[in-house]
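A.B. asks: Every number in our numbering is 6 more than the matching position in the sequence shown, counting from 1.
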Amino acid sequence: MPGAGGVRKLKFGAKGKGKRGGARVIYDWYSDDGPIYAVLVYGKNEKTDLKPEEAKAVAAFAKAIKATYRSKP
């Protein structure tokens, strides 16, 4: 997702509605053996795409998670 700090978006279809009527999950992960972080979840009917200021906030949040994850032993 451009401008969102390297996070990715998954699209899930709702039963009988396909991908257009389903949910979006913005997620991030930092290593193959590490956890996956769900950063944001929303319904397609609630929002189509992130606004630039929302993408910046997601990027800042992902950066904070990454720093915390890297500081753990």
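Just so you know, even glycine gets a beta-carbon here, dropped at the ideal spot from N, CA and C.
Going by DSSP, which residues form a beta bridge with residue 2?
C.D. replies: The structure shown does not extend to residue 2, since the chain is modelled only from 7 to 79, so the question has no answer here.
A.B. asks: Could I get the ranges of all uninterrupted alpha helix (DSSP H) runs contained in the stretch 46 to 78, with 4 residues as the minimum, in chain order?
C.D. replies: DSSP runs (the alpha helix (DSSP H)) wholly in the stretch 46 to 78: 58 to 77.
A.B. asks: Which same chain residues end up closer than 8 Å to residue 40 when comparing Cβ atoms and leaving out the 5 residues on each side of it in sequence?
C.D. replies: Here residue 40 is taken as the residue at index 34 of the sequence shown, counted from 1. Result list for residue 40: 75, in chain order.
A.B. asks: Determine the direct distance from the alpha carbon of residue 36 to that of residue 61, and round the result to whole angstroms.
C.D. replies: For this step, residue 61 is matched to residue 55 along the sequence shown. For this step, residue 36 is matched to residue 30 along the sequence shown. Roughly 19 Å between the two C-alpha positions.
A.B. asks: Decide if residue 6 is buried, meaning its Cβ has at least 16 other Cβ atoms within 10 Å, or exposed.
C.D. replies: Shown here, the chain extends from 7 to 79; a query on residue 6 therefore has no answer.
A.B. asks: From the DSSP output, which residues share a beta bridge with residue 34?
C.D. replies: The residue given as residue 34 occupies position 28 in the sequence shown. 43, per the DSSP bridge assignment.
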